[in-house]
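Position in the sequence shown (from 1) plus 4 gives the number in the working numbering. Heads up, the beta-carbon is just placed ideally off N, CA and C, and yes, glycines get one too. Fair warning: this is a prediction, and the values are worked out from it, not measured in the lab.
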Amino acid sequence: MGAGIVAMGGAVGTAGRALLDEAIPDLLAVPFGILVINLTGAFLLGLLLSVLRRFGPDTGRLQTVRLLCGTGVLGGYTTYSALAADSVLLIDGGDLARGLGYALITVLAGALLSWAGLAAGRGRRAS
C-alpha cells in the first residue's frame with residue numbers, strides 16, 4: 005500500500021514540477037525554474053516533517069501523510085537529476101563558474117531552507 009501512495013503523490017509532484025518549470029524562464033542562462041522548484045521543495049519538506057513530528061510517531065495516518073506528501077509529492081516535485089544534468093550542461097558548455105555555482109547554491113540554499121522549514125514547523129502547535 006505504501007508504494008501506491010508514494011506513486012500517487014509522485015505523479016502529482018512530477019506534474020507540478022513540469023508545469024512550474026515551463027512557467028519559469030531561465031535567468032542568466034541558468035535553469036531558474038528547477039532552482040526555484042528544488043529550493044521550495046526543500047523548505048516544504050522540512051516544514052512537513054517538523055509539523056508531522058509534533059503530532060506523534062511516524063505510524064498510521066501520519067506515516068501515510070509523510071509517504072504521500074513528503075516522499076511522493078515533494079519527491080516528485082524536486083529533482084536532483086535535473087540539477088545534476090543542468091550543472092553538467094553548463095560546465096560542458098564552457099561555463100564552469102556558472103555550472104558549479106548553480107550546483108553549490110542549490111545544495112547550500114536547499115539545506116538552509118530545509119532547516120528553515122523545520123524551524124517554521126516547530127513554531128506551530130498541533131491541534
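Report the residue from R102, D96 and L49 whose alpha carbon sits nearest the alpha carbon of G125.
The residue from R102, D96 and L49 with its alpha-carbon nearest to that of G125 is L49.
Within the stretch 34–99, note down every full beta strand (DSSP E) run reaching 3 residues or more, in order along the chain.
List check, beta strand (DSSP E) in window: nothing returned.
Kindly identify the DSSP beta-bridge partner or partners of L31.
L31 pairs with V34.
Where M12 falls: helix, strand or coil (DSSP)
DSSP places M12 in helix when its eight states are reduced to three.
Cα-Cα, which of V111, V55, L116 and Y81 is closest to M12?
Of the candidates V111, V55, L116 and Y81, the one whose C-alpha sits nearest the C-alpha of M12 is Y81.
Rank L87, L52, I41 and P61 by C-alpha distance to the C-alpha of T75 and give the top, closest one.
It is L52.
Within 10 angstroms of its Cβ, does F47 collect 16 or more other Cβ (buried), or is it exposed?
Buried is the call here.
Tell me whether T110 is buried or exposed, calling it buried when 16 or more other Cβ atoms sit within 10 Å of its Cβ.
It is buried - the Cβ of T110 has at least 16 other Cβ atoms within 10 Å.
Go ahead and pull the three-state DSSP assignment for G127.
G127: coil per DSSP, three-state reduction.
Leaving out five residues on either side along the sequence, give the residues of the same chain with a beta carbon under 7 Å from the beta carbon of R102.
Result list for R102: A33, V34 and L94, in chain order.
Kindly list the residues whose CB is nearer than 8 Å to the CB of A107, restricted to its own chain and excluding five residues on each side of it in sequence; keep chain order.
Excluding positions up to five away in sequence, the list reads L87, A88 and S91.
Taking the beta carbon of S54 as the centre, do at least 16 other beta carbons fall within 10 Å, making it buried, or is it exposed?
It counts as buried.
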